[in-house]
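See below for the structure under consideration.
Number of protein chains: 2
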Amino acid sequence: MTTKWMVKNGTFAVLQEGQPVIRGYMVVEDDRITYLGEEEPQVDAETRVMDGTHLLFLPGLVNTHGHAAMSLLRGFGDDLALQVWLQEKMWPMEAKFTADDVYWGTSLSVLEMLKGGTTTFVDMYDHMDQVAKVVQDSGMRGVLTRGVIGLCPPEVQKQKLDEAVAFAKDWHGQAEGRITTMISPHAPYTCPPDFIEKFVQAAHDLNLPIHTHMSETAAEVQQNVNDYGLRPVAHLEKLGVFSRPALVAHAVHLTDEEIEILAKHQVAVSHNPGSNLKLASGVARVPELLKAGVTVSLGTDGPASNNNLDMFEEMRLAALIHKGVSGDPTAVPAAEALRMGTEYGAKSAFLDNVGRLAVGMKADMIALNTDQAHFLPRTDYISHSIYSASAKDVEHVWVDGKQVVKHGSCLTLDEERIRREAQRSFERLSTL
Amino acid sequence: MTTKWMVKNGTFAVLQEGQPVIRGYMVVEDDRITYLGEEEPQVDAETRVMDGTHLLFLPGLVNTHGHAAMSLLRGFGDDLALQVWLQEKMWPMEAKFTADDVYWGTSLSVLEMLKGGTTTFVDMYDHMDQVAKVVQDSGMRGVLTRGVIGLCPPEVQKQKLDEAVAFAKDWHGQAEGRITTMISPHAPYTCPPDFIEKFVQAAHDLNLPIHTHMSETAAEVQQNVNDYGLRPVAHLEKLGVFSRPALVAHAVHLTDEEIEILAKHQVAVSHNPGSNLKLASGVARVPELLKAGVTVSLGTDGPASNNNLDMFEEMRLAALIHKGVSGDPTAVPAAEALRMGTEYGAKSAFLDNVGRLAVGMKADMIALNTDQAHFLPRTDYISHSIYSASAKDVEHVWVDGKQVVKHGSCLTLDEERIRREAQRSFERLSTL
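Taken in order, these protein sequences are the chains called A and B. So the first sequence is residues 240 to 671, counted in my numbering. So the second sequence is residues 240 to 671, counted in my numbering.
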């Protein structure tokens, strides 16, 4: 039986040319939007009607790069030089993570993301079956991939690759289709070239996209040149990575020529402004990437290098820093930042029918409470969404047409238990 | 009769060397903190006790630069070149502002600020008696000043100066001492030198500090050189502005020599990172200013160029952008960003006994709800305050020992009426 319901008197961010916002009606049937317009549609008397007055509906936010389980290390070492942070803080702790830790750390992040309006997340980590279980339980949409570091003997490399392939094969399309998978060599500086080529082959065999870190720091770009005589973009191109649909995270340090190569191969970029600033990696050339036609979306990166999962903050940072750094106040306008957090996010994660409010699209959507001081006056709700709003303004969240957050409370997860178990995991890890 | 109450089991951000946070007890008597420590103090049986479990107490945030009434223009023209924004959007609308508009616009901002944990704001605008009334009604602390643009005939200049002086004299110390005043020539590029000198004389006569805009854009610095043969810092020094306690807003474009001059005269700087990025003014040299010993605090600037009044966002931007732009991940650590938003803010606004949680200080303070995913694990509450928190995490707010926000609701203002009247003001202004 079809589940059908309607919103009346809502405000909907449709981001259409000349009409960024529609005031009116939306009908959802099962997982899809079947009507969206100013005119009241004909519906049966039994159709449930929700009053959308004081609610601003946006497409669900898409977080295109992260390591959710790292929430367990939030605030555990900040304001440190990158190598000190990694070698003395992150890596020793992460080496101790059990499957259970990944389950609770990911649950903590998924809870924060859902309540903050993120309906899809891309996650690259280890113990990915645990992450997939959290996606199943939570009702969220997840694009999941086992990130493999290849600095190990060939037999360990093989074991990790097999694990990554098995995960990608087993879980693709699971959770009523809410889980899709990718193939991920971690980064050019952590995977030898021949190992990366094996991932490319696996991605071809499984017909899956590739996700990897690329050119996050100037130092790693220089190392790539020293080791392989090429900058990372040309190096990955040579290894065949861009022969697959590909999403690269960070892409902070790029030449004009590299931007052209990314555009040519339609490589999507996950821009992580909060993480890049906090770790002092630099400021990505986002206006130039967008101008070249590259799909640029937004990611929080792991919660230990951000330190929250508020995608409104990433959208705002994207809209703000490129103005300040370029000196051009028209760089990355509000509507473009919103598209980066929604439509371009879905495209970067290779998801069809997600990321926009329109008939035929999946009902992955969120409603903000606009009955608040910082949403007044009612001048421009796209501007308010980017320059004024935060995760805490999210009132309701739906994924695949099912409500997962109602009046700020998560309907699918046991919030109190997750908070308790995540704290317990951290305490155990820090005393091991 | 003394009003005395106590918090038990609270967590208090004291930012002391080696002990950033204390878990324990705080006693407040009337407007002051009279006890703060780990040991339970002896109190009478009648003393009201508040449970502070899951609450993180911070000093109230101090917003050291803004134009509160400009909330009426939030979202009215974004992503535009500065001169287009000013000349086609802001100025024509502001010219129509009545006293009533300033009252409701300021009320909207004060509501947002109080609920978001800001207990003191510096405000430079017109119709300042209206702003003062809002401060009286709301229970907030305000450092108020009539900002005067001097691009007008001498008789109009004189009238404006007289008005600014009368306001500063009449309102200093009002609202049980919660209002203090300053003297404000708007900026070196909007006030002729001889007019600025009259403000300096007035500030001497009234024994008040001076507040002005300075070096916000590269263009205005160049214009100053063209017009007066000096960059703005030397120009203002020459005119005697720094012979008074002084607070300059923005200070984005500074040479090493200018930083030395500001340090020598103990001029305080209000850093406005959100506004500076959004208007593409540039990135202030905050690490260098702090290193030179300059007091750097934080301001939101007007809500039309920000576009919210979330001081947590300004603290986070200050902690993030200077890392990303300088390439140094240790620049502006979390505790320093928190001091910029609190202790240095109070110092910049020339307020004694405000800005820290310590015995003898005014009980201007806020409590955040830490029972949320993004405050876990309980690793480092100073880090969480800066890198994870937002205005919406504020649960309670006290100014001068009196509670003004309780469980997220403002006790002193009629929220619904303010939202309605602010929207009405905007609608009237936009159809005039």
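Where is the CB? At the ideal position from N, CA and C, for every residue including glycine. Model, not experiment: these values are computed from the prediction.
So, for residue i: in the same chain, excluding its five sequence neighbours on each side, which residues have a beta-carbon less than 6 Å away from its beta-carbon?
i, result
"VAL370 of chain B", "THR345, ASP362, LEU383"
"ASP603 of chain B", "GLY299, THR358, VAL593, VAL638"
"PHE406 of chain B", "MET367, ARG385"
"ARG287 of chain B", "TRP244"
"GLU268 of chain A", "THR241, LYS243"
"ARG524 of chain B", "LEU493"
"THR651 of chain B", "SER377, GLY378, VAL643"
"GLY532 of chain B", "ALA502"
Which bits of chain A does residue i rub up against, with CB to CB less than 7 Å?
i, result
"LEU559 of chain B", "GLY513, LEU516, LYS517"
"ARG483 of chain B", "Simply none; closest approach about 31 Å."
"ALA573 of chain B", "ASP317, ASP318"
"PHE360 of chain B", "The contacting residues do not exist; PHE360 of chain B stays about 14 Å from chain A at best."
Since residue i and residue j are thought to touch, with beta carbons under 8 Å apart, how far apart are those beta carbons, to the nearest angstrom?
i, j, result
"HIS293 of chain A", "ALA338 of chain A", "No, HIS293 of chain A and ALA338 of chain A are not in contact; Cβ-Cβ is about 43 Å, not under 8 Å."
"ALA252 of chain B", "LEU596 of chain B", "6 Å"
"THR429 of chain B", "GLY468 of chain B", "The pair is not a contact, with the Cβ atoms about 18 Å apart (cut-off 8 Å)."
"GLY584 of chain A", "LEU537 of chain A", "7 Å"
"LEU486 of chain B", "HIS450 of chain B", "5 Å"
"LEU400 of chain A", "ALA334 of chain A", "Between ALA334 of chain A and LEU400 of chain A the Cβ distance is about 20 Å, and since that is not below 8 Å, they are no contact."
"LEU319 of chain A", "PRO616 of chain B", "Not quite, the Cβ-Cβ distance comes to about 18 Å (not below 8 Å), so this is no contact."
"ILE605 of chain B", "LEU347 of chain B", "Between LEU347 of chain B and ILE605 of chain B the Cβ distance is about 20 Å, and since that is not below 8 Å, they are no contact."
"GLU351 of chain B", "HIS613 of chain A", "5 Å"
"ARG262 of chain A", "THR273 of chain A", "Actually they are not in contact, since the Cβ atoms of ARG262 of chain A and THR273 of chain A sit about 19 Å apart, beyond 8 Å."
For residue i, count the other beta carbons within 10 Å of its own beta carbon; 16 or more makes it buried, fewer makes it exposed. Which is it?
i, result
"MET453 of chain B", "buried"
"ASP579 of chain A", "A small fix is needed here, since residue 579 of chain A is Met in this sequence, not Asp. MET579 of chain A should be labelled buried."
"GLY647 of chain B", "exposed"
"VAL246 of chain A", "buried"
"THR241 of chain A", "exposed"
"ASN545 of chain B", "buried"
"GLY513 of chain A", "buried"
"ALA628 of chain B", "buried"
"GLY257 of chain B", "exposed"
"ALA284 of chain B", "exposed"
"THR670 of chain B", "exposed"
"SER423 of chain A", "buried"
"ASP317 of chain A", "buried"
"LYS586 of chain B", "buried"
"LYS530 of chain B", "exposed"
Just the chain B side, please: which residues come within less than 9 Å of residue i by C-beta, in chain order?
i, result
"ASN545 of chain A", "TYR626, SER627"
"LYS335 of chain A", "Chain B residues near LYS335 of chain A: none, gap ~14 Å exceeds 9 Å."
"LYS228 of chain A", "This structure cannot settle anything about residue 228 of chain A, because the visible part of chain A is limited to 240 through 671."
"LYS477 of chain A", "By Cβ distance, chain B contributes nothing, its closest Cβ being about 29 Å from LYS477 of chain A, past 9 Å."
Please list, in chain order, all residues of the same chain as residue i whose beta carbon is under 7 Å from its beta carbon, the five residues on each side excluded.
i, result
"PRO484 of chain A", "PRO448, PHE589"
"LEU353 of chain A", "SER377, MET379, VAL636, VAL643, VAL644, CYS649"
"LYS601 of chain B", "ASP270, ARG271, ASN592, VAL593, ASP639"
"GLU402 of chain A", "ARG385"
Counting only Cβ pairs nearer than 7 Å, list the residues of chain B close to residue i.
i, result
"VAL644 of chain A", "None at all; the shortest Cβ gap to chain B is about 12 Å."
"ALA320 of chain A", "PRO568, THR569"
"GLU351 of chain A", "ALA612, HIS613"
"ARG656 of chain A", "In chain order: nothing, as chain B lies at least about 12 Å away."
"LYS530 of chain A", "Correct list: empty, because the minimum Cβ distance to chain B is about 16 Å."
Listing by chain order, which chain A residues have their CB less than 9 Å from the CB of residue i?
i, result
"ASP653 of chain B", "The contacting residues do not exist; ASP653 of chain B stays about 12 Å from chain A at best."
"ALA661 of chain B", "ALA612, LEU615, PRO616"
"PHE665 of chain B", "LEU615, PRO616, ARG617, THR618"
Return the chain-ordered list of same chain residues with a C-beta closer than 8 Å to the C-beta of residue i, the five sequence neighbours on each side being excluded.
i, result
"VAL577 of chain A", "Contrary to the premise, residue 577 of chain A reads as Leu rather than Val in this sequence. The residues are ALA252, LEU254, LEU297, MET554, ILE621, SER624, ILE625."
"GLY521 of chain B", "THR456, ALA457, VAL491, HIS492, ASN515"
"THR539 of chain B", "ASN302, HIS304, GLY305, ASN511, GLY513, SER514, ASN545, ASN547, LEU548, ASP549, MET550, GLU553"
"VAL464 of chain A", "ARG470"
Can you name the residues of chain C whose CB is closer than 8 Å to the CB of residue i?
i, result
"VAL522 of chain B", "As a matter of chain content, chain C is missing from the structure shown, whose protein chains are A and B."
Please list, in chain order, the chain B residues whose beta carbon lies closer than 8 Å to that of residue i.
i, result
"PHE438 of chain A", "Here the premise fails: no neighbours, minimum Cβ distance about 30 Å."
"LEU347 of chain A", "ALA612, LEU615"
What does residue i reach in chain A if we use C-beta pairs closer than 8 Å?
i, result
"HIS623 of chain B", "ARG313, GLY314, ASN546"
"LYS503 of chain B", "Under the 8 Å cutoff, chain A gives no residues; its nearest Cβ is about 28 Å from LYS503 of chain B."
"LYS247 of chain B", "By Cβ distance, chain A contributes nothing, its closest Cβ being about 21 Å from LYS247 of chain B, past 8 Å."
Q. At a cut of 8 Å, does the region 430-445 of chain A reach the region 455-462 of chain A through at least three beta carbon pairs?
A. no
Q: Pair every Cβ in the region 315-326 of chain B with every Cβ in the region 556-568 of chain A, then say whether three or more of these pairs are closer than 8 Å.
A: yes
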